[in-house]
Amino acid sequence: MTLLFPSPVAAPRHWIAVASADHVARGLAGGFAQACHGKRGPLARARPGDRVIYYAPTETFGQRDKLQAFVAYGHFTSEVYQAQMGDFRPHRRDVTWAEAHRAAIAPLLPHLSFTAGKANWGAPFRWGFFEIPAHDSAIIARAMGVLSHPRHDLSQAWQETEAKA
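Numbering (this note's numbering) for the sequence shown: 1 to 165.
Written out as structure tokens, the structure reads:
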């Protein structure tokens with residue numbers, strides 16, 4: 001029997017979380033990720049080692065200051081836990097964030113499997129947290145200037161992406 005992933009550790013999965021850039025900035029500063037207004041369910045689908053990319057439709061929560069960019073890239077390092085913020089107790093996971101810059105989604109739309117050729121490309125983002133293929137993660141990481149990331153060699157995914165182009 002041939003194993004797809006001979007390592008005892010499963011291959012990482014890749015997730016997109018959606019939040020305003022100001023909320024993502026709090027997670028970057030605090031070393032954590034939070035999704036869907038602090039709900040446990042979405043984050044519970046991921047596991048330590050999985051990649052997370054934040055997409056920000058706006059700069060500021062509740063405002064119409066359009067951004068439409070990927071703003072953070074990292075990997076989960078903990079299980080889900082509940083934080084204490086006064087009366088609000090959001091669920092979070094710790095994250096090691098990569099050095100990255102913002103990347104507008106518009107130039108990437110034709111290259112991402114979940115947006116290519118779709119007039120209503122924003123539909124998946126309404127879920128707030130969803131899984132994407134590794135090759136899409138590599139495209140986004142490259143656009144964000146993520147050259148290397150702890151525990152993840154992007155070069156293989158980039159080579160596969162370039163071979164498909």
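For glycine and all other residues, C-beta sits at the position ideal for the given N, C-alpha and C.
Are three or more beta carbon pairs between the region 37-45 and the region 64-73 nearer than 8 Å? no
Decide if G168 is buried, meaning its Cβ has at least 16 other Cβ atoms within 10 Å, or exposed. Here the chain has residues from 1 to 165 only, and residue 168 is not among them.
Could you give the C-beta distance for H75 and R51, rounded to a whole number, given that I count them as a contact under 8 Å? The residue given as residue 75 occupies position 75 in the sequence shown. The residue given as residue 51 occupies position 51 in the sequence shown. Right, the Cβ-Cβ distance comes to about 5 Å (below 8 Å), so this counts as a contact.
Which residue wins for smallest C-alpha separation from I53, given the options G62, T96 and K118? If you number the sequence shown from 1, residue 53 lands on position 53. Minimum Cα distance to I53 is reached at T96.
Excluding the 5 residues flanking L109 on each side, which residues of the same chain have their C-beta closer than 6 Å to its C-beta? Numbered from its first residue, the sequence shown carries residue 109 at position 109. Correct list, in chain order: T115 and W121.
Which of the three DSSP states is assigned to V80 in this structure? Counted from its first residue, the sequence shown places residue 80 at position 80. It is coil, neither helix nor strand.
Got a sec: does the ligand NAP put a non-hydrogen atom nearer than 7 Å to the Cβ of G122? With respect to small molecules bound, the structure shown includes none, and the ligand NAP cannot be examined in it.
Fully enclosed by the region 54-125, which beta strand (DSSP E) runs are 3 residues long or longer? The qualifying runs are 66-76 and 91-97.
Below 8 Å on the Cβ atoms is my guess for F130 versus I16; work out the distance and round it to an integer in Å. Position 130 of the sequence shown, counted from the first residue, corresponds to residue 130. Position 16 of the sequence shown, counted from the first residue, corresponds to residue 16. Taking C-beta atoms under 8 Å as the contact rule, F130 and I16 qualify, at a distance of about 6 Å.
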